[in-house]
Amino acid sequence: MNNNSTWEFGTRQVVYGAIGAALYGAFSWATNFFPLPAAGNITFRPAVAVLIFFGVAYGPIVGLLAGFIGNTLGDMISGFGFYWHWSLGNGLMGMVPGLIMASITDFKARSQIIKAVGWGALGIAVGMLFASLTEMFVGGIDLNTALVGYFTPAFLGNLVVTAILLPILMIAFAGVAARRGR
Amino acid sequence: MLVTWKYRPRNTFIQRLDPRTRFILLVCTIFALTIPEIWDYRILLLLFLLSLTQFLMARIEWKDIRRPLFFIFILVFFIIGLNGLLSGRGGPSSVADPNSPIIFQALIPGTTWGLTVTISKLWFAMNQVIRILSMALPAILIPYTMDPNIYGTAFKRMGASDNVSFTMDLAFRFLPTFARDLTITIDAQRARGYEMEKLKGGLVAKIRRLAPLIIPVTMQSTVTGEEVIDAMDLRAFGTAPRTWLKDLKYAPRDYAMIGLGVVLFVACCVLKWGFGIGGFFVPEFFTNFVLG
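Taken in sequence, the protein lines are chains B and G. Read left to right, the first sequence gives residues 1 to 182 (my numbering). Read left to right, the second sequence gives residues 1001 to 1292 (my numbering).
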């Protein structure tokens, strides 16, 4: 799984990292108006599915860059300022599903879609747990608020979004890739 | 297909600053507020005034910034402010002081569940808005006042690798393109009868109905990506260390502003950790004012 191509950082990763970041920022900006219920300052982001898709399709480096830079861009243009720990959490959320890039060979296969959603869920858990727990030090909240008020709604909301939109993105990508021939 | 932000050159002090200076000042402001966890309104007001001064000095035309400002203020006041007022979340645990006088309470009959607004939560919500605006105002300026051609150079000169710098540079350039593509896609889907304002059903149905907006833009971007990769490969990107066309040099004003940022950060840390000043508290004048 962690072969050289998985961790390669060349032109492809630079371009798709930038595209993923810009898409994540643009979609986050567009959907920052739909806050999750009882989610503290966390907002509802269907864009998370796009981030995880970029991780799955182009690898962990792309996922990390897209999540970190994209969250920073989205927060900046939404007027939220810069929160390094949430940006890093979003980066981890994109990086973890990227670890299975090499094993995803058919974006239409049901088993591979399920695997991608599963790794996406793991990425969401890791990323949001990191961000929620570091919020204890940055924002001065207690563990209960971090887990119940921040992590749980963010995890569940992002999981629902990913479970619904990631399969659609993967099937659409299979069609685009087949037409493009690479 | 690459388009840039609505940047326009203006002869202002803010735009004469080196981009690195502005990033460093922004980071110093954010770190001064977040690392020592500053919630004292006196320090918050000082940092807010510094950010507001930068914002006004940038002299961005009202017609350019009124729309984003409108949305940003809605977000800050109604989402962050109301969230702070109603839940008290996002701040120190002392906000939930059970001894704070209650301003408004609506409980479900026979239970202790419901809505309780205290003086502490109200003051916290106001502080939260000021705190977020202090960090947001200098960040909002960036796309309007910083030349997109120097983002990559700025990150490179701040120590990032060529690849990371170029990723940042491209991301900043792609963002308005994809935002515009999203707008065009929304218009195109509306022309086909898609009603974005009337997304019916539960959360799952609403998310599924976002697919006609998200999928076309994402798929088109993957095609665009291949074209950009080809163009960069043809120019031998990544085969040797890059040179950057633009060069950046610090001027005395940059050193002064970086010094100001560092002093603010250090002062906040010393006040909080050395003297115990900077934590959340509700001033007496506010309590007296609200309670009459």
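Even for Gly, the Cβ is constructed at its ideal location relative to N, Cα and C.
If you keep only unbroken alpha helix (DSSP H) runs of at least 4 residues inside the stretch 1063-1087 of chain G, you get 1082-1087. For leucine 1291 of chain G, no Cβ of chain B is located within less than 7 Å of the residue's own Cβ. Identification of residues in the stretch 1219-1244 of chain G having a C-beta nearer than 8 Å to some C-beta of chain B yields Met1219, Ser1221, Thr1222, Val1223, Thr1224, Gly1225, Glu1226, Val1228, Ile1229, Met1232, Asp1233, Phe1237, Gly1238, given in sequence order.
Looking at the DSSP output, alanine 1106 of chain G sits in a beta bridge with G/Leu1115. Less than 7 Å divides the Cβ of phenylalanine 9 of chain B from the Cβ of isoleucine 61 of chain B.
The criterion of a C-beta distance shorter than 7 Å is not satisfied by aspartate 1169 of chain G and threonine 11 of chain B. Contacts with chain B at 7 Å (Cβ-Cβ) include phenylalanine 1174 of chain G. The three-state secondary structure of glutamate 1037 of chain G, taken from DSSP, is coil.
Assignment of serine 132 of chain B by DSSP, reduced to helix, strand and coil, places it in the helix class.
Residues of chain G whose Cβ lies closer than 9 Å to the Cβ of isoleucine 168 of chain B are, in chain order, Arg1208, Ala1211, Ile1214, Ile1215.
Contact check for valine 1282 of chain G against serine 1120 of chain G passes: the beta carbons are separated by less than 7 Å. When the Cα atoms are used, alanine 146 of chain B and alanine 125 of chain B turn out to be separated by approximately 13 Å. The Cβ of glycine 17 of chain B sits closer than 7 Å to at least one Cβ of chain G. For the C-beta of glycine 67 of chain B, not a single chain G residue is nearer than 7 Å; the gap to the nearest is close to 12 Å. Contact check for leucine 1046 of chain G against alanine 22 of chain B fails: the beta carbons are separated by 7 Å or more.
Residue state for tryptophan 84 of chain B is assigned as helix, using DSSP reduced to three classes. For the 7 Å CB-CB criterion, glycine 1088 of chain G and glutamine 1128 of chain G do not form a contact. In the structure shown, the three-state DSSP call for glycine 123 of chain B is helix.
Secondary structure note for proline 1216 of chain G: its alpha helix (DSSP H) is the uninterrupted segment 1211-1234.
Within chain G, the residues placing a beta-carbon under 7 Å from that of valine 161 of chain B are Ile1207, ordered along the chain.
If you ignore the 5 residues before and after aspartate 1018 of chain G, its C-beta comes within less than 6 Å of the C-beta of Leu1248, Tyr1250, Asp1254, all in its own chain and listed in chain order. With a threshold of 7 Å between beta carbons, alanine 1171 of chain G makes contact with chain B. By the C-beta density criterion, leucine 1044 of chain G is buried, having at least 16 other C-beta atoms within 10 angstroms. A straight-line Cα-Cα distance of about 30 Å links lysine 108 of chain B and glycine 74 of chain B.
For the stretch 1027-1050 of chain G, residues whose beta-carbon sits nearer than 7 Å to a beta-carbon of chain B comprise Ile1030, Thr1034, Glu1037.
In its chain, beyond the 5 residues on either side, Ala1154, Met1158 have a beta carbon closer than 8 Å to the beta carbon of phenylalanine 1023 of chain G. With contacts defined as CB atoms closer than 7 Å, phenylalanine 1048 of chain G and isoleucine 1130 of chain G qualify as a contacting pair. Under the Cβ criterion of 7 Å, alanine 1058 of chain G is not counted among the residues facing chain B. Here isoleucine 114 of chain B is exposed, its C-beta having fewer than 16 other C-beta atoms within 10 Å.
Using beta-carbon distances, threonine 1167 of chain G counts as an interface residue toward chain B, with a partner under 7 Å. When rounded, the separation of the alpha-carbon atoms in proline 167 of chain B and glycine 175 of chain B is 13 Å.
Put simply, the backbone Cα of phenylalanine 1077 of chain G is about 22 Å away from that of phenylalanine 1031 of chain G. Taking CB atoms only, valine 176 of chain B has a neighbour in chain G less than 7 Å away. Below 8 Å, too few C-beta pairs join the stretch 1261-1275 of chain G and the stretch 1176-1195 of chain G to call them touching: fewer than three.
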